[in-house]
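Take a look at the structure set out below.
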Amino acid sequence: MALITENLVVLNLDSADRHAATRVLAQALADEGRVTDLDGFIADVRKREEQMATGLPGGIGIPHARSAYVTEPSLAFGRAPQGIDWGAEDGPATLIFLIAAPEGGGDDHLKILASLARRLMRTEFRESLMNAPDAAGVVDVVTREVVNP
Amino acid sequence: MKFVGVTSCPTGIAHTYMAAEGLEQAARAAGHTIEVETQGSAGFEKLSPESIAAADAVIFAVGVPVRERARFAGKPTIDADVKKAISDGPGLIARAVAAAEAEAANPTAAPAGSPAPGAAALATKVEQQASTGAHIRQWLMTGVSYMIPFVAAGGIMIALGFMLAQFFGGKNGPIVVTKLYSLIPPPDPNPTHIVNIAANFNPGDGMHWAALLFLVGAASFAFLVPILAGFIAFAIADRPGLTPGIVGGALAFTIGAGFLGGIAAGFIGGFTALWISRWKVPKGVRGIMPVVVIPLLSVLFTGFMMVVVLGRPLKALTDGLTSWLNGLTGTNLVVLGVILGLMMAFDLGGPVNKVAYTFATTGLVAAAGTTGSTNLKVMAAVMAAGMTPPLGLALATTIRRRLFSEPERENGQAAWLLGASFITEGAIPFAAADPLRVIPSCMAGSAVAGGLVMVFGNTLLAPHGGIWVLPLIGNPLLFLLAVAIGAVITAAAVIALKAAGPGPVKTDLDIAEAESAQVVTA
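For the record, the sequence lines run as chains A and B. Each residue of the first sequence is one higher than the last, beginning at 4 in my numbering. Each residue of the second sequence is one higher than the last, beginning at 231 in my numbering.
Following this line, the structure appears as structure tokens:
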């Protein structure tokens, strides 16, 4: 199954804070059947977030977790034009990547997430996501850059 | 320049790879190359030893400790948080360039084989500015402090084994427990009915529990000398010393050289490793110094010294002492008791001690079945002399605590039980830390105890067991009196020598010892 689908893209994420934003994206994963227990998964993400905030320079937030409630490696993507504080020093995040990895899972499954993480470091990749006209455009960018590079 | 790096993070699915990407981009932009090992969840492909050897510097950008960090020993190293590589890869690359240039300008700054700066190191007690004499005592004390837990664990288990054996096996239980059980399959046919505890342990059989305690305790004791030697060498040469020290100590144990042989192995291994690690070698060789060259050469040299150079004189000494002792039979028994006492305490389980002990047990076999014979008195004298060193030192640590270091005081508590059980090794930590003052004190007390046993005419039908074989001792109360007098003499002597001698090692080391004790128990 695909890493991301159009249903996992939220183009106008206007939540008040990162916890609310995480819940919106996690809900999308649950609706798609990729997360079996919404609250359990959110608790896992939150646990990771409490270890060290996952906001990064350049306006991105990457909440993520390996969780028993995740059925396959998935990415839920949100764009927050107004910005959501994600704990980064240089300001709020506008691109939110909720990365969900199954607890067990073979190495091959996780390699796609490694590849995604590496792409996040590339300015062109972030700009393409920022400028994608619609959900289908976001899925195109991810599929082109990460899934079938 | 060429770099290698390691990245990691708690979850291992995002930051690890972003940091790797950050480092690679920054290196490329600055005209360098870097290979990054991503220690994430998707498994990790190890950097090849060739890549590590060729690298000018190492960058650790991690959120959890680097796995197998020893591979990078001796390289200039940059330690940073994983987020740093994501937010400021160019800054880390610049730091790595500076570290590599500093190393190139002054290669001795980090001798090949020494742990990378910031590596989680084991504690040593060595202060750099100390005098040679203080250095030696600090090296010895480092070895001793790592050895003490093995003495305590092994000694107490053996003592408990004797205790249980006496409870379940009657008065001969402590003899049986050491003879009829093993951890390996017995010979076939099995004439002595040896039970393989590893294969046939029966929880309902008390003697099996006693044998289990005895055998596991003995396994712990097998590490006394290797650990002592290994950590003396470690104190001298840091990490490269550990391997030749431990191997040399194991050889000292195998050839029966005792703890004095172990101290020799520690010094030989330590200084060999220190010397080799200071060689100036071509850059290509530097990478394999810590993993191949230093261990290979230092172990080879230490092993050669222990086996070839030490082995022959040791054999000659053992043979000479044995025939001399055999020639003494028929002389005044009290004199013989004193001599045996001196020998038992001289090296506490080393070759001289073994000669006296073997002399006694050989006589015991010859005297089988009879009572009151000279041979049984010899056995009693030897056991009394072997019990006083730990007891005397336990007493000394109790009444004059301040004369002993913290690890010694802790060992003193276990030494009560060890001494009472005729486990002479309980005195080794004291003797190894301060041989010149402790060994003569032990010899004095043991000589008196050995002589007194002869005067009292005690006999003993068991080769070991201490107070757990009291029913097998003739006139047990007088025997205990001899042991008590010997222990008091040892305690008085060691207190007098330590109080009068030059500044005992513990005064300038109290703080370091407190820290090290925590490391030991951690």
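C-beta: ideal position from N, C-alpha, C; glycine also.
Query                                                                                                                                  : Result
Three or more C-beta pairs below 8 Å linking the stretch 363-370 of chain B and the stretch 614-633 of chain B                         : no
Ranges of the alpha helix (DSSP H) found wholly within the stretch 379-445 of chain B, counting only runs of at least 4                : 403-409 and 427-430
For residue 104 of chain A, the residue or residues it bridges with in DSSP                                                            : A:69
CB contact below 9 Å: residue 271 of chain B versus chain A                                                                            : yes
C-beta atoms of residue 486 of chain B and residue 544 of chain B nearer than 9 Å                                                      : yes
Sequence-distant residues of the same chain with beta carbon closer than 6 Å to residue 310 of chain B, five excluded per side         : 291 and 322
Identified DSSP bridge partners for residue 290 of chain B                                                                             : B:236 and B:309
Reference residue 329 of chain B, options B:425, B:318, B:305 and B:315, closest by Cα                                                 : B:305
Continuous alpha helix (DSSP H) stretch holding residue 701 of chain B: start and end                                                  : It is not in any alpha helix (DSSP H) - residue 701 of chain B carries neither H nor E in the DSSP assignment.
Whether residue 716 of chain B touches residue 676 of chain B by CB criterion (9 Å)                                                    : yes
Under 8 Å by beta carbon: chain B residues contacting residue 51 of chain A                                                            : 240 and 241
Host beta strand (DSSP E) of residue 80 of chain A (start-end)                                                                         : 77-87
Stretch pair the stretch 680-698 of chain B + the stretch 603-621 of chain B: three plus CB contacts closer than 8 Å                   : yes
Neighbour-count burial assignment, residue 319 of chain B, 16 or more Cβ in a 10 Å radius                                              : buried
Neighbourhood of residue 98 of chain A by C-beta distance below 7 Å, restricted to the same chain and skipping five residues each side : 62, 63, 82, 129, 132 and 133
For residue 43 of chain A, the nearest candidate out of A:5, A:26 and A:57 (CA to CA)                                                  : A:26
Where the beta strand (DSSP E) containing residue 784 of chain B begins and where it ends                                              : Examination of residue 784 of chain B is not possible in this model, given that chain B is present from 231 through 752 alone.
CA-to-CA distance, residue 576 of chain B to residue 539 of chain B, given in whole angstroms                                          : 22 Å
Min CB distance residue 19 of chain A to chain B below 9 Å                                                                             : no
Within chain B, partners of residue 68 of chain A - CB distance below 8 Å                                                              : 241
Residue-level contact to chain B via CB, residue 16 of chain A, 9 Å cutoff                                                             : no
Nearest-angstrom Cα separation, counted from residue 138 of chain A out to residue 34 of chain A                                       : 16 Å
9 Å Cβ cutoff met for residue 458 of chain B and residue 374 of chain B                                                                : yes
Interface residues of chain A facing residue 695 of chain B [CB-CB closer than 7 Å]                                                    : What residue 695 of chain B touches in chain A: nothing, since even the nearest Cβ is about 55 Å away.
Closer than 9 Å to chain B by CB, residue 102 of chain A                                                                               : yes
Nearest candidate by alpha-carbon position, reference residue 445 of chain B, set B:542, B:407 and B:332                               : B:407
Within chain B, partners of residue 59 of chain A - CB distance below 9 Å                                                              : 245, 248, 313, 316 and 317
Beta-carbon proximity check, residue 88 of chain A vs residue 71 of chain A, cutoff 9 Å                                                : no
Cross-chain neighbours of residue 133 of chain A in chain B, by beta carbon under 7 Å                                                  : Within chain B, no residue comes near residue 133 of chain A; the closest Cβ sits about 18 Å away, beyond 7 Å.
DSSP three-state assignment for residue 555 of chain B, whether helix, strand or coil                                                  : helix
Contacts that residue 65 of chain A makes with chain B (C-beta to C-beta distance below 9 Å)                                           : 244, 245 and 248
Residue 133 of chain A, enclosing alpha helix (DSSP H) - first and last residue                                                        : 126-134
Residue-level contact to chain B via CB, residue 11 of chain A, 9 Å cutoff                                                             : no
Residue 740 of chain B versus residue 637 of chain B: straight-line alpha-carbon distance, rounded                                     : Because the pLDDT of residue 740 of chain B is 43, which lies under 50, any placement of that residue in the model is unreliable, and the number read from its coordinates should be weighed accordingly. C-alpha separation (whole angstroms): 10 Å.
Residues that residue 38 of chain A bridges to, as DSSP identifies them                                                                : A:73
Close Cβ partners of residue 52 of chain A (< 7 Å) along its chain, the five nearest in sequence each way excluded                     : 66
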